[in-house]
Every structure is written in C-alpha cells, then in structure tokens.
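Participant:
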Amino acid sequence: MPKKVSPKPTKPTTKNPAIQRKFQKNRVNNSSEDDTADKTAALLEQGRLLLLVIQQKVKINGFEIMSINLRNQSPSKINLTPCQMKD
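What follows is the structure in structure tokens.
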C-alpha cells in the first residue's frame, strides 16, 4: 500500500496581518437620554401604584354591583342599599 502523502506546508507569512479596528461609538454620556429613561421608569412605577390603589378602592362584591344595576334600571321602584340587598 502506498503511504499517504501529507500536504506540503505553506509558506510562512512575512507580512503582519492587518489589524481590524472595530467601530466604536462615541463614549460621551448623553444625559438627556438617561434622564428620559429615568422619567419614564418613574412614571411607569407611579402608574402601577395608582392602578393598585384604584383596584383596592373599586373592589366590591357581587351584591353591591347587582343593587347598583337594579337602582340604575328603575330608580323610582327600588330604594334598597347594597347592605339591604345583601340581606
């Protein structure tokens, strides 16, 4: 069987490879962008807190909703409070 021939080594490069420089963004902080990001984050947090407060205030049971609906449909006929409707 014939021996496997190994590939011939290539010539050593005498030139230094070109240095590739990456594009770098301007590293100066743009404070206006940071300020707007902080403001929007603060507004979102305030919105979440307000939503939680509103949900706690609006939380009423089904009897109260039913009595409010009945009162709105025929205000002259039904004069019950939510507590009376529940009983």
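Everything in the sequence shown is counted per the UniProt record's numbering, starting at 1 for the first residue and increasing by one.
Cβ atoms here follow ideal geometry from the backbone N, Cα and C, with glycine treated the same way.
1) If distances are taken between C-alpha atoms only, which option among Gln-84, Ala-41, Thr-40, Asp-38 comes closest to Met-66?
2) Rounded to a whole number of angstroms, what is the C-alpha to C-alpha distance between Ala-37 and Leu-49?
3) What are the boundary residues of the alpha helix (DSSP H) that includes residue 95?
4) For a test of the three-state rule: what should DSSP assign to Thr-81, helix, strand or coil?
5) Mapping the DSSP letters down to three states, classify Lys-4 as helix, strand or coil.
Facilitator: In short:
1) Stepping through the sequence shown from its first residue, residue 66 is reached at position 66. Residue Gln-84 is the option with its Cα nearest to Met-66.
2) Position 37 of the sequence shown holds residue 37. Position 49 of the sequence shown holds residue 49. Using only the alpha carbons, I get a separation of about 19 Å.
3) The first residue shown for the chain is 1 and the last is 87, placing residue 95 beyond what the model contains.
4) Within the sequence shown, the letter at position 81 stands for residue 81. Thr-81 falls in the coil class under three-state DSSP.
5) Numbered from 1 along the sequence shown, position 4 holds the residue referred to as residue 4. Here Lys-4 sits in coil by DSSP.
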